[in-house]
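Just so you know, the numbering used here puts 359 at position 252 of the sequence shown, and the rest follows in order with no gaps. Presented below is the structure to which this report refers.
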Amino acid sequence: MPYTDLSLRLTGRTNLPVLPNHVDIDLTNVCNQDCFYCNSAEFRAKNLITGQTNQYLNLLDQLANWRQHTPKSIGSIRNINFTGGGEPTVHKNIGPIMAHAIDKGFQVTLISNGSKLHRVVEGISKDKVESVAWIGIDVDSANPETYESIRRSLTRDTLYHTVVTNIKMAVDAGFRVDIKGLLMPQNTNEQELNALFEMVSYTGARQLHIRPFVDMDTNKLFEVTEDLKKLIEEIATKHKVKYRLPLGRETGRTYSKCHQMFLYPILAANGDICICCEGRGQKQFLLGNWKNQDIRDLWWGEKHIEIYNSVNTHLCPPCKPNKINNLIQEDIDDPSKLERVVM
Ligand SMILES: C[S@@+](CC[C@H](N)C(=O)[O-])C[C@H]1O[C@@H](n2cnc3c(N)ncnc32)[C@H](O)[C@@H]1O
Ligand code: SF4
Ligand code: SF4
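Quick look at the structure:
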């Protein structure tokens, strides 16, 4: 499993530093939408920055050479995810930057609102398309009015129609495109769900990826009831469309320390190295600055371990790494699991 090396270290079976498994890179904090729920809105407003292309190219070189830099280490970066911060396709050079990551041997993924997806399609040559594991386009609704009421485009006209055209363009170019939606009161009736599944069919996307939204005012996760799950399953069957409904954020927390802090850094557009994907801009998660420091020298350093020891997860909001943190805790509670990784 991608976290096994980390489990070995956290159970004292090795003293070697473990490289991250997955890195999020924010290309910009600028966005052309103002989704009412956006969890990075405050951070973006205070740090309205777009990173420079050469800084990202250098960063990718550093990440690719991590083993040479730290020969006595285990684990490796499997995936670089381009996300935000703001809207990654707003960065004019997103295509060449993603292509560089692929050239360095990384699998890449993209989370986007799809508004300027042509920059990715045009910037990544055919021979590299397979190295893009998926492109996830957040639409939330396939009804133009609901879409706009949720996502509030900051452009003169709604971005809805451009996004639909761009999804088809990326599908035609051979990319695996998933249509994404956060489940919330506005889009969980039969009509809205039907429209979302239909959108997957008429754009040729791979599947629908839906998950509950977190209300930033209350830190509460939208409840996905058994009735709603049933309705989603019925509509998916009717349309013969695949969907994913990960509910990892919903399960309880068995861990008090956040183990994933050694697996999954967020490299923000303003230079922040943040070790909590929900904590952009929060000082308690700030490891350093990737623009004027070398992340490889900070990883497993004193500060990193201090942050790990100081954060009590019982105060945390529902978060994406919940599932992996629970799995690592299982290893810590019963390290004998680590003795038979292969057989
Ligand atoms: C901040 S956005 C940046 C990427 C791009 N602009 C987009 O919207 O896809 C990154 C991801 O965070 C998710 N997100 C933002 N606010 C959220 C919230 N309150 N609850 C759950 N997910 C959220 C979005 O759905 C998106 O998949
Ligand atoms: S498009 Fe993404 S970054 Fe922009 S407001 Fe919406 S969720 Fe936030
Ligand atoms: S919210 Fe808490 S548990 Fe989740 S990733 Fe951040 S620090 Fe870890």
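All C-beta atoms, glycine included, are put in the ideal place defined by N, C-alpha and C.
At least one heavy atom of ligand 1 lies closer than 7 Å to the C-beta of Asp245. Lys364 has its Cβ no nearer than 7 Å to any heavy atom of ligand 1. In terms of Cα proximity to Gly386, the closest of Gly191, Val227 and Met108 is Gly191. In this structure, the beta-carbon distance from Cys384 to Ile257 does not fall below 8 Å. In this structure, the straight-line span from the alpha carbon of Thr269 to that of Ser222 is close to 6 Å. Counting every other CB atom within 10 Å of its CB across the protein chains shown gives Gln298 a total below 16, marking it as exposed. Comparing C-alpha distances from Ile286 to each of Gly355, Gly230 and Gly311 shows the shortest one belongs to Gly311.
Per the Cβ contact rule, the stretch 132 to 151 is in contact with the stretch 362 to 381 (3 or more Cβ pairs under 8 Å). At the C-beta level, Tyr362 and Pro428 stay beyond 8 Å of one another. Positions of the beta strand (DSSP E) runs, each at least 3 residues long and wholly inside the stretch 161 to 200, are given as 186 to 190 in order along the chain.
Here the stretch 188 to 204 makes no contact with the stretch 117 to 128; the two share fewer than three CB pairs at distances below 8 Å.
For a cut-off of 8 Å, the C-beta gap from Ile242 to Ser219 is around 7 Å, short enough to register as a contact.
The beta carbons of Ala249 and Ala302 sit about 4 Å from each other, so the pair counts as a contact at 8 Å. The stretch 361 to 385 is shown to contain whole beta strand (DSSP E) runs of 3 or more residues at 379 to 381, in chain order. Per the coordinates, the alpha-carbon of Pro319 lies some 11 Å from the alpha-carbon of Tyr144. Under the DSSP assignment, Gln314 falls in the beta strand (DSSP E) whose first and last residues are Gln314 to Pro319. With distances taken between CA atoms, Phe304 lies nearest to Asp247 out of Val331, Asp247 and His225.
Judged by the Cβ position, Asp141 qualifies as a neighbour of ligand 2 at the 7 Å threshold, a heavy atom of the ligand being closer than this. Per the DSSP secondary-structure output, Tyr350 pairs in a beta bridge with Leu315. With fewer than three CB-CB distances shorter than 8 Å, the stretch 401 to 412 does not count as touching the stretch 340 to 348. As DSSP reads the structure, Lys211 sits in no beta bridge.
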